[in-house]
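Visitor: Residue numbers (the UniProt record's numbering): 1 to 602. Structure in structure tokens, see below.
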Amino acid sequence: MDLISDSDDGDGFQWESDEDDGDAVPPPNPPLPPDSAAGPSGKVSEASSSRSELVSHFMAMGFSEDMVVKAIEENGEGNSEAILETLLTHAAIEKSPVKREQSPIDCTFSSDEDVLGDDLSDVSNFEYSSDDEDYTEGTSDKDRKLSVLVEMGFPADEAFSAINRCGPTASVLEIADSIHAAQLAADSAPTEDDLFPNWSENKAASSYACGSSVKNKRKLYEMKKMKERGSFLDRKKPCFGQGNLDEGFRSGSTIPKPMIGFSLPNQKMKPANRILPEAAIGPPYFYYENVALAPKGVWETISRFLYDIAPEFVDSKFFCAANRKRGYIHNLPIQNRFPLQPLPSRTVQEALPMTKKWWPSWDPRTQLNCLQTCIASAKLTERIRTALANSDDPPPERVQRFVMNECKKWNLVWVGLHKVAPLEPDEMEMLLGFPRDHTRGGGISRTERYRSLGNSFQVDTVAYHLSVLKDMFPNGINLLSLFSGIGGAEVALHRLGIHLRNVVSVELSEINRNILRGWWEQTNQTGTLIDIADVQQLNGDRLEQMINMFGGFDLVIGGSPCNNLAGSNRYSRDGLEGKESALFYDYFRILDLVKNIMGKSF
DNA sequence: TTCATTATGACTGTCTTC
DNA sequence: GAAGACAGTCATAATGAA
1 MDLISDSDDG DGFQWESDED DGDAVPPPNP PLPPDSAAGP SGKVSEASSS RSELVSHFMA
61 MGFSEDMVVK AIEENGEGNS EAILETLLTH AAIEKSPVKR EQSPIDCTFS SDEDVLGDDL
121 SDVSNFEYSS DDEDYTEGTS DKDRKLSVLV EMGFPADEAF SAINRCGPTA SVLEIADSIH
181 AAQLAADSAP TEDDLFPNWS ENKAASSYAC GSSVKNKRKL YEMKKMKERG SFLDRKKPCF
241 GQGNLDEGFR SGSTIPKPMI GFSLPNQKMK PANRILPEAA IGPPYFYYEN VALAPKGVWE
301 TISRFLYDIA PEFVDSKFFC AANRKRGYIH NLPIQNRFPL QPLPSRTVQE ALPMTKKWWP
361 SWDPRTQLNC LQTCIASAKL TERIRTALAN SDDPPPERVQ RFVMNECKKW NLVWVGLHKV
421 APLEPDEMEM LLGFPRDHTR GGGISRTERY RSLGNSFQVD TVAYHLSVLK DMFPNGINLL
481 SLFSGIGGAE VALHRLGIHL RNVVSVELSE INRNILRGWW EQTNQTGTLI DIADVQQLNG
541 DRLEQMINMF GGFDLVIGGS PCNNLAGSNR YSRDGLEGKE SALFYDYFRI LDLVKNIMGK
601 SF
């Protein structure tokens with residue numbers, strides 16, 4: 001490993017805002033109304049308590065009474081989505097020219113996504129026949145789903161692509177959701193306003209209503225740092241006029257839905273329209289991550305500090321089998337992204353195939369919720385086992401509701417008859433895109449593994465965003481990794497095939513530093529890894545020294561602590577001013593220092 | 001002292017109902 | 001449009017065993 005590096009590779013390209021990447025910039029798209037999704041869409045109401053109401057509900061959709069009654073018997077009264085999917089499936093098979101060749105209906109159930117079509121006219125007149133049970137094996141599940149999706153009104157080619165994209169165990173509704181998302185994305189190239197609706201309003205509101213503390217914080221911070229280090233922060237206050245963030249005021253949700261960011265792998269989407277504020281344009285590139293569902297005003301503040309770039313909100317459920325709603329602020333190009341290969345499984349049954357055998361039909365989950373730092377207690381899983389063992393099969397609705405609530409809350413999976421269990425650490429590693437046993441051994445306890453993994457990046461998601469660096473830096477990159485954790489950024493870049501020339505990693509936890517170093521040695525890295533425990537040690541002098549030594553940093557990446565932002569925290573959800581989450585200001589301090597030093601030196 | 005286990009709501013956005 | 005129900009969330013603190 002060599003500490004000496006040449007400086008030719010890091011600055012051999014032109015820094016331009018995204019709109020200068022070659023393509024003409026289309027005018028900003030008008031904002032989408034909240035429910036402007038193209039294609040079939042609609043809502044499924046909760047099951048009525050009365051059976052007759054339930055029958056009426058589905059009959060109103062055009063299904064025959066016999067068909068509805070049979071579907072309710074199959075699924076129980078409590079699962080209206082499963083009933084509807086069964087109805088759609090039967091209807092489609094009935095109409096399909098290959099219906100007599102198809103296998104018995106294998107009902108898979110969707111998550112709670114609402115993607116059912118408004119226009120059910122095509123499936124409204126099918127009669128449910130007793131012969132339906134005679135479907136023979138022969139046509140694949142894939143064909144059946146394709147048939148259903150076409151019946152729902154989706155184009156066959158899009159349905160076919162979505163089936164491949166979502167994997168063999170994805171339910172029809174989940175696949176429909178995927179098509180829905182793709183259509184939404186394709187119909188309107190996302191602008192920053194689309195990605196962060198009413199951004200301007202929130203910024204204005206936050207700086208007006210609660211802005212005093214934010215403004216004061218910034219002012220105090222800037223004054224303090226100005227004293228510390230000359231005038232590196234003597235820059236103008238954020239310029240809101242740049243980057244199309246101030247145009248118009250809208251109400252509504254802050255977080256876009258679906259949370260797909262500028263693009264998703266293997267989705268046909270128009271090139272997104274993004275204009276970076278001048279102050280945001282590098283070098284270096286930077287990439288900041290934190291929880292999407294932070295308290296009000298947090299992302300506005302983060303964005304204001306990070307050169308007024310609007311966050312790219314992405315849910316990792318589009319990359320793996322678990323939800324992970326995160327916001328990313330970066331100045332990376334957004335064209336020509338590509339995903340890591342192989343593509344991870346998108347359903348929990350596919351990712352953890354051993355659970356399939358025990359997964360009850362009344363558990364509609366196909367994806368897990370956010371992987372957290374804590375797991376369910378043994379007492380809870382025992383309570384669930386006892387409740388199920390003492391119930392009929394299927395259990396009554398009351399028991400199902402109790403079990404489902406706990407399973408969703410704690411991400412429990414089925415490991416035996418009536419037996420649910422939390423994920424094992426190695427399963428979390430796999431779902432998050434880390435190599436097996438990444439956090440195992442080396443003196444780390446099981447509890448600590450859960451904590452470290454729960455705090456980490458989802459590698460496939462981050463790698464997709466970072467993939468644009470591969471062609472820019474064929475000889476590798478110099479990386480400044482802040483709050484590295486267990487090395488999600490390093491693993492992502494390595495898996496992308498981007499050589500890590502010099503890595504300066506800042507991580508407080510000794511355990512996490514050991515994990516990263518262990519991975520570094522195990523993967524035979526030929527670059528140099530410098531780890532630093534305390535972010536405060538990275539002052540201007542030390543950064544200048546490193547920048548001179550390495551020839552500058554190509555990427556400054558990090559996700560500052562979310563402890564005080566996360567909804568799970570019921571004790572100290574204090575926002576950006578919280579003890580840990582205030583370290584965001586160190587991310588900005590260091591990034592701004594690097595920009596200034598590199599601006600002077602290169 | 002370390003680690004495992006367990007119990008502990010609040011906040012926010014979305015959906016449903018009226 | 002308002003009010004209430006519902007669902008999801010990179011967690012913290014107390015306790016006891018080893």
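Beta carbons are placed, not taken as given, at the ideal position from N, Cα and C, and that holds for glycine.
To the nearest angstrom, how far is it from the Cα of residue 256 to the Cα of residue 310?
Guide: Taking the straight line from one Cα to the other gives about 12 Å.
Visitor: My assumption, with CB atoms under 8 Å, is that residue 495 sits in contact with residue 459. Please give the rounded CB distance.
Guide: At roughly 7 Å, the Cβ-Cβ gap stays under 8 Å, so residue 495 and residue 459 are in contact.
Visitor: Can you grab the Cα-Cα spacing for the pair residue 347 / residue 280, in whole Å?
Guide: One C-alpha to the other measures close to 37 Å.
Visitor: Since residue 468 and residue 284 are thought to touch, with beta carbons under 8 Å apart, how far apart are those beta carbons, to the nearest angstrom?
Guide: Their Cβ separation, rounded to whole angstroms, is 14 Å, which puts residue 468 and residue 284 out of contact at 8 Å.
Visitor: In the structure shown, what three-state DSSP assignment does residue 595 receive?
Guide: Of the three classes helix, strand and coil, the one that applies to residue 595 here is helix, per DSSP.
Visitor: In or out: residue 341 buried (at least 16 other Cβ within 10 Å) or exposed?
Guide: By the neighbour-count rule (16 or more Cβ atoms within 10 Å), residue 341 is not buried but exposed.
Visitor: Pull up the distance between the alpha-carbon of residue 596 and that of residue 326, whole angstroms please.
Guide: Near 28 Å, if we compare the C-alpha coordinates of residue 326 and residue 596.
Visitor: Keeping to the same chain, check which residues put their C-beta closer than 6 Å to that of residue 457; ignore five residues upstream and five downstream.
Guide: Closer than 6 Å at Cβ, skipping near neighbours: 488.
Visitor: Excluding sequence positions up to five away, which residues of its chain have a Cβ less than 8 Å from the Cβ of residue 323?
Guide: Once the five neighbours on either side are set aside, the close Cβ partners of residue 323 are 315, 316, 317, 367, 368, 369 and 370.
Visitor: If you run the structure through DSSP and keep just helix, strand and coil, what is residue 312?
Guide: Of the three classes helix, strand and coil, the one that applies to residue 312 here is strand, per DSSP.
Visitor: Could you work out which residue in 417, 423, 360 and 396 is closest to residue 377 when comparing CA atoms only?
Guide: Among 417, 423, 360 and 396, the Cα nearest to that of residue 377 belongs to 423.
Visitor: My output table needs one value for residue 98: the three-state DSSP class, helix, strand or coil.
Guide: Below a pLDDT of 50, predicted positions are generally treated as unreliable, and residue 98, at 29, falls in that range; no measurement from the model is reported.
Visitor: Select from 372, 478, 535 and 583 the residue whose C-alpha is nearest the C-alpha of residue 548.
Guide: Ranking 372, 478, 535 and 583 by Cα distance to residue 548 puts 478 first.
Visitor: Just list the alpha helix (DSSP H) runs in the stretch 354-412, keeping only unbroken ones of 4 residues or longer that don't cross its boundaries, in chain order.
Guide: DSSP runs (the alpha helix (DSSP H)) wholly in the stretch 354-412: 378-389 and 397-410.
Visitor: Give me the Cα-Cα distance between residue 510 and residue 389, rounded to the nearest whole angstrom.
Guide: In a straight line, the C-alpha of residue 510 is about 44 Å away from that of residue 389.
Visitor: Counting Cβ pairs, one atom from each stretch, are 3 or more of them under 8 Å apart for the stretch 402-417 and the stretch 290-307?
Guide: Verdict: no, contact absent.
Visitor: Here's a check: name, in chain order, each residue in its chain whose Cβ is nearer than 8 Å to the Cβ of residue 533, leaving out the five neighbours to either side.
Guide: Same-chain partners within the cutoff: 506, 507, 508, 510 and 513.
Visitor: Can you give me the C-alpha to C-alpha distance between residue 437 and residue 354, rounded to a whole angstrom?
Guide: Going by the C-alpha atoms only, they are around 19 Å apart.
Visitor: Which residue's Cα is closest to the Cα of residue 493: 463, 486, 335 and 268?
Guide: When only C-alpha atoms are compared, the closest one is 463.
Visitor: Could you give the uninterrupted runs of the alpha helix (DSSP H) lying entirely in the stretch 516-552, keeping only those of 4 residues or more?
Guide: Entirely contained in the stretch 516-552, the alpha helix (DSSP H) runs reaching 4 residues are, in chain order, 540-550.
Visitor: With a threshold of 8 Å on Cβ separation, who are the neighbours of residue 573 within its own chain once the five nearest residues in sequence on each side are excluded?
Guide: Closer than 8 Å at the Cβ level, and outside the excluded window around residue 573, lie 295, 564, 565, 566 and 567.
Visitor: If we count the other Cβ atoms within 10 Å of its Cβ and call it buried at 16 or more, is residue 497 buried or exposed?
Guide: The residue is exposed, with fewer than 16 neighbouring Cβ atoms inside 10 Å.
Visitor: Tell me which residues share the same chain as residue 499 and place their Cβ nearer than 6 Å to its Cβ, disregarding the 5 neighbours each side in the sequence.
Guide: Excluding sequence neighbours, residue 499 sits near 476.
Visitor: Compute the Euclidean distance between the alpha carbons of residue 538 and residue 559, then round it to the nearest angstrom.
Guide: When rounded, the distance between both Cα atoms is 16 Å.
Visitor: If you compare alpha carbons, which of 289, 350 and 374 is closest to residue 425?
Guide: Residue 374 is the option with its Cα nearest to residue 425.
Visitor: Is it the case that the Cβ atoms of residue 262 and residue 329 are separated by a distance below 7 Å?
Guide: Contact flag unset, no.
Visitor: From which residue to which residue does the beta strand (DSSP E) around residue 325 run?
Guide: Per DSSP, residue 325 belongs to the beta strand (DSSP E) from 325-330.
Visitor: Mind checking whether residue 414 and residue 359 have CB atoms under 7 Å apart?
Guide: In contact: residue 414 and residue 359 (Cβ atoms closer than 7 Å).
Visitor: DSSP on residue 288, reduced to helix/strand/coil?
Guide: Strand at residue 288.
Visitor: In whole angstroms, give me the CA-to-CA distance for residue 447 and residue 386.
Guide: Rounded to the nearest angstrom, the two C-alpha atoms are 26 Å apart.
Visitor: Would you kindly check if the distance between the Cβ of residue 412 and the Cβ of residue 420 is under 7 Å?
Guide: The answer is yes: Cβ separation under 7 Å.
Visitor: Here's the rule: buried if 16 or more other CB atoms are within 10 angstroms of the residue's CB, otherwise exposed. What is residue 445?
Guide: Classification of residue 445: exposed, given that the 10 Å Cβ count is below 16.
Visitor: Answer yes or no: do residue 331 and residue 276 have a C-beta to C-beta separation smaller than 7 Å?
Guide: In this structure, residue 276 lies closer than 7 Å to residue 331 by Cβ.
Visitor: So is residue 592 buried or exposed if we call it buried at 16+ other beta carbons inside 10 Å?
Guide: Buried: at least 16 other Cβ atoms inside 10 Å.
Visitor: With DSSP as the reference, label residue 505 as helix, strand or coil.
Guide: Of the three classes helix, strand and coil, the one that applies to residue 505 here is strand, per DSSP.
Visitor: Is residue 503 near residue 586, with beta carbons less than 7 Å apart?
Guide: Against a cut-off of 7 Å, the Cβ pair of residue 586 and residue 503 comes out as no contact.
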